[in-house]
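**Q** Mind looking over this structure? Questions follow.
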Amino acid sequence: MCRKIMNRFALLLLLTAAVALMTAGCGKKTDPAGTGQSTGEETLPSGAENESTEDPRIMPELQSEDDIGIFCGTVKDAGMNTMVVANKEYPAGVVFAKEDAAVSLADGLLLEHEVTVFYRGKIDLSSSSGVKAELVRDPRDGDKDCRAGVVSGKVLGVGMSVITIKTGAGTEVSFEQEPKPVNLTSGPLEGDKVTIFYSHKPGETIYVPELIQ
């Protein structure tokens, strides 16, 4: 009688062990390819691994609506409506009409101080009225190597550091407002019509807004 009970108990232990082994085997996920990867692991799309290296400031090429030049030099004379700025190319100085120009100079317009002038048209030394200055500001590194232009358009959006406009030619372009453009204290707002004087390096389409009117 005791032997039968012992045999039944042993059989019960064997059955329990077998069920345990089967359960453990069913809980494992196999890797038929032999790669060592879990079949539950998700793979990222190939494009997600490569971050975009495109500079968001690079815009379509702009066509300036007028001839805008940059003149870097030293102030030699300054009156109510004109000033004379000289450099190595024009040692005798060029007369600029500054009556309607925007001025952004930390120390004001002082003689023998360096300035950068954005002007409209061509330099004409024979003109008594002077070349029309649009902006007179403190110089920055690289000014001498830059080109300038002007575009007008409608503001599509204004962000914390970017303003986007649609030009009269239908080109959408965004300008990073750093450094802060002159005459931009509280606007513009979406829908406003603006004129933007900008600078850029030759051959590049990263445009820096210099003056917004």
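Taken in order, the sequence shown gives residues -20 to -1, 1 to 193; the numbers are from mature numbering (1 follows the signal peptide of the UniProt record, and there is no 0). Don't be surprised by glycine CBs; every beta carbon is placed ideally from N, CA and C.
Helix, strand or coil: how does DSSP classify Asp87 here?
**A** Residue state, collapsed to three classes: coil.
**Q** With 16 other CB atoms within 10 Å as the buried threshold, where does Leu115 fall?
**A** It is buried - the Cβ of Leu115 has at least 16 other Cβ atoms within 10 Å.
**Q** Could you work out which residue in Glu41, Gln43, Leu42 and Phe51 is closest to Asp125 when comparing CA atoms only?
**A** Of the listed residues, the one whose Cα sits closest to Asp125 is Phe51.
**Q** For the pair the stretch 139 to 147 and the stretch 82 to 92, tell me if three or more CB-CB distances fall below 8 Å.
**A** Output reads no: the stretch 82 to 92 does not touch the stretch 139 to 147.
**Q** Assign Pro161 to one of two classes, buried (16 or more other C-beta atoms within 10 Å of its C-beta) or exposed (fewer than that).
**A** Buried: at least 16 other Cβ atoms inside 10 Å.
**Q** Using 8 Å as the cut-off, can you tell me whether the stretch 143 to 152 makes contact with the stretch 99 to 109, which would need three or more C-beta pairs spanning the two stretches below that distance?
**A** Verdict: no, contact absent.
**Q** Going by DSSP, which residues form a beta bridge with Leu115?
**A** DSSP, once it has assigned bridges, lists Ala82 and Phe98 as partnering Leu115.
**Q** DSSP puts residue 219 in a beta bridge; with which residues?
**A** There is no way to answer for residue 219, as the model of the chain reaches only from -20 to 193.
**Q** DSSP state of Leu124, grouped into three classes?
**A** Reading off the sequence, residue 124 comes out as Lys, not Leu. Three-state result, Lys124: helix.
**Q** Identify which residue in Glu170, Leu169, Thr147 and Gly183 has its Cα closest to the Cα of Phe177.
**A** Nearest C-alpha to Phe177: Thr147.
**Q** Apart from the five residues on each side of it in sequence, which residues of its chain come closer than 8 Å, Cβ to Cβ, to Thr54?
**A** Same-chain partners within the cutoff: Val65, Ala66, Asn67, Glu92, His93, Glu94 and Val95.
**Q** Could you check if Leu191 is buried or exposed, using at least 16 other CB atoms within 10 Å of its CB as the buried criterion?
**A** The residue is buried, with at least 16 neighbouring Cβ atoms inside 10 Å.
**Q** At the level of alpha carbons, what is the spacing between Glu152 and Val130?
**A** Taking the straight line joining both Cα atoms gives about 14 Å.
**Q** Run through DSSP, which three-state label would Asp57 get?
**A** The answer is strand: DSSP assigns Asp57 an E or B state.
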